[in-house]
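Each remark here refers to the structure printed beneath this line.
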Amino acid sequence: MRAPEGTTAGRGTPSADRRRRVGLLGQFGIGNLGNEASLDAMLTVLAGSADLTILTEEPDAVHAARGLPAVSLTDPGAPRGGWRGVVGKGRDLRWTWHQVGEVDAVVVPGTGLLEGSAVRATAVPLTVFWYALCARLRRRPFHVLSVGVDTDGSWLTRQLFAAVVRSATIVTVRDGGSAACVQELTRRRPPVVPDLVLADDPAAAPSAGSGPPCVAIGVIDTHGTGTVEASWDRDAYLRRMGELIGRVLAAGAEVRVVGGAGLDDAMAAEVVAQAADPRAVLAPARSMQALDGVLSACDVVVASRYHNLVAGLRLGVPLVSIGYAEKQRWLLTDLGAADRAHDVADFDPETVADQVVDLLERSTAGRGTAGAAWLGRARAVLGRQAVGLRADLGLEPVAHPEEARR
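In terms of full-length UniProt numbering, the sequence shown is numbered consecutively and its last residue is 406.
Below is the structure:
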């Protein structure tokens, strides 16, 4: 999906005698492994070809971790709260106008930045809209690539997201569900280009073990995310997870309990303690690389966090989802496995365990091959998107779509 007539990728680009300046916009530096992996993927695409600035809520954290220039999304000195907050939003607009003027293009590299569930319209949605508006007015390309979109937010949130999409130079979304949401918001269906993270090779290759089968089971903190998750019944969730793990252990498998964020640690530890079985152990992962290491030794992944699902897919490990949002279901639907997508609030442990056992039986002769054909097609599409992005930004071309991710 391209911007309306009159807004082209070539406008606002600099002369050929200097490097392009590109701003990468997103919620980076906040401890979200999936967001960081999306940023990594875009850095791979643009590596060595442009002067990059990360536009984020936590610029100090990004700079400390990556050594890259990073700038606050909003005016750090603006007043917040109450009527003074209105003045602050005005200052944010002025700040955004300046930041957009400092770059030649703005790119949103994947993530769920256009997901509105339990998000205040005047927070991230308004901020992203300011950037889209300023980019359009200043004739800077504004690329929204492989992003997740939903229509779960308030009326104002949905209108802001629709305006972002309409203002963008190019829009692609990561799954069919997001495409349907954009069509609902704007009456225009964008191309589907899968999650950026899938373009990169995992840090570890699937490894067949000689011992009993192993299942990674993801858990998530049902209180403390500030989203819809806070309404879950924690005790009921623990009971269901306990039953699921018990059934998987009874089938002769070992279990690795995996969180997806630091806030999941306490829940993961409680689930392991509740299992009270040496075959069920905690497997912490503080990075996508560490997560790859854990999941690569498993025969099936039962994922709760979205990036755990993507990591398992990238490794070719058979997947089941106990998800907290439609995005998990949408991804499995694209994979032809919608029946293995379950809701974290009311999943049936017996059904999930039966699916795990079935996948274990089917994966003994084909570990590492699950979804291989789909993943190959996804990587080809991602490679073409990377080549197109570099062309639109005026960067040196790559020889072949596959080279864009190497």
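Beta carbons are placed, not taken as given, at the ideal position from N, Cα and C, and that holds for glycine. All of these numbers come straight from a predicted model, not from anything done at the bench.
Just so you know, the alpha carbons of residue 235 and residue 150 end up roughly 29 Å apart. Between the alpha carbons of residue 213 and residue 278 lies a gap of roughly 15 Å. Secondary structure of residue 142 (DSSP, three-state): strand. The C-alpha of residue 89 is placed about 32 Å away from the C-alpha of residue 175. For residue 56, the secondary structure class from DSSP, reduced to helix, strand or coil, is strand. Bounds of the alpha helix (DSSP H) holding residue 101 are 84–101. Here residue 173 carries a strand assignment [DSSP, helix/strand/coil].
Taking 4 residues as the shortest admissible run, the stretch 302–336 contains the following complete alpha helix (DSSP H) segments, listed from N- to C-terminal end: 306–315, 326–334. If you draw a 10 Å sphere on the C-beta of residue 155, you find fewer than 16 other C-beta atoms in it, and that means exposed.
When secondary structure is reduced to three states using DSSP, residue 379 falls in the helix class.
With a contact defined as Cβ atoms closer than 8 Å, residue 108 and residue 145 qualify at about 6 Å.
Remark: three or more beta-carbon pairs, one from each stretch, lie closer than 8 Å, so the stretch 288–307 and the stretch 257–272 are flagged as touching.
Secondary structure of residue 19 (DSSP, three-state): coil. The beta-carbon separation of residue 147 and residue 173, rounded to 6 Å, stays under the 8 Å limit for a contact. Burial check for residue 191: the Cβ neighbour count within 10 Å stays below 16, so the residue is exposed. The C-beta distance from residue 111 to residue 38 rounds to 5 Å, short enough to meet the 8 Å contact threshold. C-alpha of residue 388 to C-alpha of residue 193: approximately 12 Å in a straight line.
When rounded, the separation of the alpha-carbon atoms in residue 295 and residue 327 is 20 Å.
Residue 274 and residue 83 have their alpha carbons spaced roughly 48 Å apart. Taking 7 Å as the cut-off, the beta carbon of residue 331 is found no closer than this to the beta carbon of residue 340.
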